[in-house]
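**Q**
Number of protein chains: 2
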Amino acid sequence: MKSATAFAPATVANVAVGFDILGFAFEAVGDVVKVSTTEQPSVSIREITDATGKKALDLEIPLDPARNTATVGLIKLREHLRLDFGFAVSLRKGIALGSGMGGSAASSVAALVAANSLLERPLAKESLVEFALLGEQVASGTAHPDNVTPCLFGGLTLVTSMRPFRYVQVPVPTNILAVIVHPHCRVDTRDARRVLKSDIPLADHVRQSANLGGFIAGCYTNDLELLRQSLVDVLIEPQRKALIPAFAAVRSAALEAGAIGASISGSGPSVFAWATSKQAAVRVREAMVRAFKDGQVTEVDSWVSPVSREGARVSR
Amino acid sequence: MKSATAFAPATVANVAVGFDILGFAFEAVGDVVKVSTTEQPSVSIREITDATGKKALDLEIPLDPARNTATVGLIKLREHLRLDFGFAVSLRKGIALGSGMGGSAASSVAALVAANSLLERPLAKESLVEFALLGEQVASGTAHPDNVTPCLFGGLTLVTSMRPFRYVQVPVPTNILAVIVHPHCRVDTRDARRVLKSDIPLADHVRQSANLGGFIAGCYTNDLELLRQSLVDVLIEPQRKALIPAFAAVRSAALEAGAIGASISGSGPSVFAWATSKQAAVRVREAMVRAFKDGQVTEVDSWVSPVSREGARVSR
Numbered sequence: 000m001k002s003a004t005a006f007a008p009a010t011v012a013n014v015a016v017g018f019d020i021l022g023f024a025f026e027a028v029g030d031v032v033k034v035s036t037t038e039q040p041s042v043s044i045r046e047i048t049d050a051t052g053k054k055a056l057d058l059e060i061p062l063d064p065a066r067n068t069a070t071v072g073l074i075k076l077r078e079h080l081r082l083d084f085g086f087a088v089s090l091r092k093g094i095a096l097g098s099g100m101g102g103s104a105a106s107s108v109a110a111l112v113a114a115n116s117l118l119e120r121p122l123a124k125e126s127l128v129e130f131a132l133l134g135e136q137v138a139s140g141t142a143h144p145d146n147v148t149p150c151l152f153g154g155l156t157l158v159t160s161m162r163p164f165r166y167v168q169v170p171v172p173t174n175i176l177a178v179i180v181h182p183h184c185r186v187d188t189r190d191a192r193r194v195l196k197s198d199i200p201l202a203d204h205v206r207q208s209a210n211l212g213g214f215i216a217g218c219y220t221n222d223l224e225l226l227r228q229s230l231v232d233v234l235i236e237p238q239r240k241a242l243i244p245a246f247a248a249v250r251s252a253a254l255e256a257g258a259i260g261a262s263i264s265g266s267g268p269s270v271f272a273w274a275t276s277k278q279a280a281v282r283v284r285e286a287m288v289r290a291f292k293d294g295q296v297t298e299v300d301s302w303v304s305p306v307s308r309e310g311a312r313v314s315r
Numbered sequence: 000m001k002s003a004t005a006f007a008p009a010t011v012a013n014v015a016v017g018f019d020i021l022g023f024a025f026e027a028v029g030d031v032v033k034v035s036t037t038e039q040p041s042v043s044i045r046e047i048t049d050a051t052g053k054k055a056l057d058l059e060i061p062l063d064p065a066r067n068t069a070t071v072g073l074i075k076l077r078e079h080l081r082l083d084f085g086f087a088v089s090l091r092k093g094i095a096l097g098s099g100m101g102g103s104a105a106s107s108v109a110a111l112v113a114a115n116s117l118l119e120r121p122l123a124k125e126s127l128v129e130f131a132l133l134g135e136q137v138a139s140g141t142a143h144p145d146n147v148t149p150c151l152f153g154g155l156t157l158v159t160s161m162r163p164f165r166y167v168q169v170p171v172p173t174n175i176l177a178v179i180v181h182p183h184c185r186v187d188t189r190d191a192r193r194v195l196k197s198d199i200p201l202a203d204h205v206r207q208s209a210n211l212g213g214f215i216a217g218c219y220t221n222d223l224e225l226l227r228q229s230l231v232d233v234l235i236e237p238q239r240k241a242l243i244p245a246f247a248a249v250r251s252a253a254l255e256a257g258a259i260g261a262s263i264s265g266s267g268p269s270v271f272a273w274a275t276s277k278q279a280a281v282r283v284r285e286a287m288v289r290a291f292k293d294g295q296v297t298e299v300d301s302w303v304s305p306v307s308r309e310g311a312r313v314s315r
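Residue numbers (numbering that gives the first Met the number 0), protein chains in the order written: chain A, 0 to 315; chain B, 0 to 315.
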């Protein structure tokens, strides 16, 4: 029997201006999944640990392989390829549950990338998307590829079509560093979806489109001033920000400290910012953490990281 | 007393995926305005002719300078600069009224560019935008810069902000030729706005954003296949197409003849298409004209033209 371990990065979905379509991968933190082949023709969960490697059965992660985001894609993969062997999965959750940092996508993607590497004829990464989305589906009730895509492929990705699945790698401007701050309060993705109105004013669509267009143009032309003007969410953030304690103060703090933009990471509660130098990113991170603490959110994790160019990969 | 004549090109607003923000200039047709300075400190209309140079007082163009799109901006410009002389305007309408080809923007812009060239210290083109929008306002009841911007500056433009006014020149992929077909039936811009719902489904916003993002990425990367996939309006066209006779057949004909995309030009009834070679553009134009005629629209004008790189300019 063989085994492989894969790392899949945390991801920031939406990126202020691309609800359900934009996302970027974050190099500093991710999930690690070890997959071993088994003679028993099924998929099982061997172990779940937290970021420190401690056994963590209180993580609220389902142990039923049919409901666990790391294994549900593997079950389908086995069926699809009619494999006569099974997989056993050990999952190390580097990404906190319900943090808005793409944890379910990362578990799902890491398991698939590890398992895929064990196949006699590995599939192309593109072919893993549909299986990874099944993991998203069980975790959040919806299957949007805005986390799965950057998690698998790295970089800043724009999903241009769901069926057939198509995406574009948008170039990340030179020197951009991402900051993520995760306050220890949970926002369930389902709840975060529930607060969104199913209809939006046409005028908001126009403004958000102008921002999306400016953001993408700014990425291609390395125009940081255009990015600063464009990285503003007039559509989703106003509806969701009340779910995140101290959000307005945290966002302001980031911008005052020199971020070119800051908004909710995925469905929150994590908040991301983009900065244009290491020094600026460190200042932005400190300012955001302080604003959370001033807002009575005492437990906060934070990272500074380049955008991952690589995405998920077999680590050993 | 001095005089100057300026040409301002027809423009295609919206461009399928950028309602109220995207537009491109069309080299083949436009309005021509001759502006002369007058001792009398006011703005007057001297003559209005049609494309053939024939006097055309039946064009339904208001002769009151305060309500005429070519003069209203000049009136404000005079006030703004406290000029002690006036302007007399002769307007040659190359662009049919109510055609959806940016005729009111072109009259307004041509008059301003001509008048500006007569000033001792001409303003930057950027400063003319607000005056040109006044012309749009009297013509259509709304002041959107999606025609004025490409008309003034040329190219394919994305308006990223209204206040302050900001725009981006998006590169037009090599070899793109535009086709415009104008069926002789009127769609009033006000009516075309009235049919639009003030709210749209969030899901449609997501799909249209994916198309806008793909379109802009495709322009920067010269990816014609991505443009073909993205140049699709899921939002506005479905609401407006019933205003245009035979629209569905015309659009299908364009695509079947090899266009990479086709949609309503501005608020219609003109329909534009993009093609990737001269031969393809000619085929597309013929197919679109035929589809209009098969749909009982007997009078149709049509053009093939590169995107204007230059925009409005003084011609002599």
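Backbone N, C-alpha and C define an ideal beta-carbon position, used for all residues, glycine too.
1. State buried or exposed for residue 40 of chain A, treating a residue as buried only when at least 16 other CB atoms are found within 10 Å of its CB.
2. Taking only beta carbons into account, state which residues of the region 226-247 of chain B come closer than 8 Å to chain A, listed in chain order.
3. Ends of the beta strand (DSSP E) at residue 30 of chain A?
4. When we look at the beta-carbon of residue 256 of chain B and count the other beta-carbons within 10 Å, is it buried (16 or more) or exposed?
5. Skipping 5 residues on each side, what residues in its chain have a beta carbon closer than 6 Å to that of residue 337 of chain B?
6. Please report whether the beta-carbon of residue 44 of chain B lies at a distance below 8 Å from any beta-carbon of chain A.
7. Using a Cβ cut-off of 8 Å (strictly closer), state whether residue 188 of chain B contacts chain A.
8. Using only CA atoms, which one of B/75, B/11, B/32, B/22 lies nearest to residue 97 of chain B?
9. Cutting at 8 Å between CB atoms, please list the residues of its own chain near residue 125 of chain A, excluding the five before and the five after it.
10. Could you check which residue in A/235, A/265, A/260 has the C-alpha nearest to that of residue 274 of chain A?
11. If you draw a straight line from the alpha carbon of residue 105 of chain B to that of residue 131 of chain B, how long is it in whole angstroms?
12. By DSSP's criteria, residue 261 of chain B is part of a beta bridge. Which residues make up the other side?
13. From the DSSP output, read off the bridge partner residues of residue 44 of chain B.
14. Name, please, each residue of chain A whose Cβ falls closer than 9 Å to the Cβ of residue 223 of chain B.
15. Three or more C-beta pairs closer than 8 Å, one from the region 201-217 of chain A and one from the region 303-311 of chain A: is that the case here?
16. Give a yes or no on whether 8 Å exceeds the smallest Cβ distance from residue 209 of chain B to chain A.
17. Is it right to say residue 15 of chain A is buried, meaning 16 or more other beta carbons lie within 10 angstroms of its own, or is it exposed?
18. Hey, could you find the ends of the alpha helix (DSSP H) residue 204 of chain A is sitting in?
19. Starting from residue 136 of chain B, trace the alpha helix (DSSP H) in both directions and tell me its first and last residue.
20. For residue 173 of chain B versus residue 221 of chain B, is the C-beta distance shorter than 8 Å?
21. Could you tell me whether any Cβ in chain B is nearer than 8 Å to the Cβ of residue 164 of chain A?
22. Quick check on residue 18 of chain A - is its C-beta less than 8 Å from some C-beta in chain B?
23. Given a cut-off of 8 Å on the beta-carbon distance, is the pair residue 1 of chain A and residue 36 of chain A in contact?
24. Okay, do the region 269-287 of chain A and the region 139-157 of chain A touch, 3+ Cβ pairs below 8 Å being the bar?
25. Using CA coordinates, which residue listed in A/6, A/265, A/203, A/227 is at the minimum distance from residue 144 of chain A?
26. Counting Cβ pairs closer than 8 Å, one from the region 112-129 of chain B and one from the region 187-195 of chain A, do we hit at least three?
27. Using a Cβ-Cβ distance cut-off of 8 Å, determine whether residue 140 of chain A contacts chain D.
28. Over the uninterrupted alpha helix (DSSP H) stretch that includes residue 291 of chain B, give me the two end residues.
29. Residues in the same chain with beta-carbon distance under 6 Å from residue 139 of chain A, minus the five sequence neighbours each way, listed in chain order, please.
30. Can you find a CB in chain B that lies within less than 8 Å of the CB of residue 204 of chain A?
31. List the residues of chain B that residue 215 of chain A touches, going by C-beta distances under 7 Å, in chain order.
32. Compute the Euclidean distance between the alpha carbons of residue 86 of chain B and residue 287 of chain A, then round it to the nearest angstrom.
33. Which first and last residues belong to the alpha helix (DSSP H) in which residue 149 of chain A is found?
34. Taking the beta strand (DSSP E) that residue 103 of chain A belongs to, which residues open and close that run?
35. For residue 282 of chain B, count neighbouring C-beta atoms within 10 Å of its own C-beta (all shown protein chains included) and say buried if the count is 16 or more, exposed if not.
**A** From the atom records:
1. exposed
2. 228, 229, 234
3. Taken as a continuous stretch (DSSP letters only), the beta strand (DSSP E) holding residue 30 of chain A covers 21-37.
4. The residue is buried, with at least 16 neighbouring Cβ atoms inside 10 Å.
5. Any question about residue 337 of chain B goes unanswered here, given that chain B covers just 0 to 315.
6. no
7. no
8. Distance check between residue 97 of chain B and each of B/75, B/11, B/32, B/22 places B/11 closest, using alpha-carbon atoms only.
9. Closer than 8 Å at Cβ, skipping near neighbours: 164.
10. A/260
11. 9 Å
12. B/272
13. B/88
14. Within chain A, no residue has its beta carbon less than 9 Å from that of residue 223 of chain B; the closest one is some 14 Å off.
15. no
16. Contact with chain A is found for residue 209 of chain B, since one of that chain's Cβ atoms lies less than 8 Å from the residue's Cβ.
17. Classification for residue 15 of chain A: buried.
18. Looking at the DSSP string, the run of the alpha helix (DSSP H) that includes residue 204 of chain A is 201-220.
19. 124-139
20. Taking 8 Å as the Cβ cut-off, residue 173 of chain B and residue 221 of chain B qualify as a contacting pair.
21. False, the Cβ-Cβ gap to chain B never drops below 8 Å.
22. yes
23. yes
24. no
25. A/265
26. no
27. Protein chains A and B are contained in the structure displayed, whereas chain D is not.
28. 277-293
29. Annotation for residue 139 of chain A: 188 place their beta carbon closer than 6 Å to its own, counting only its chain and skipping 5 residues before and after.
30. yes
31. Going along chain B in sequence order, the residues near residue 215 of chain A (Cβ under 7 Å) are 212, 215, 216.
32. 57 Å
33. 144-152
34. Unbroken run through residue 103 of chain A is the alpha helix (DSSP H), 102-116; no beta strand (DSSP E).
35. buried
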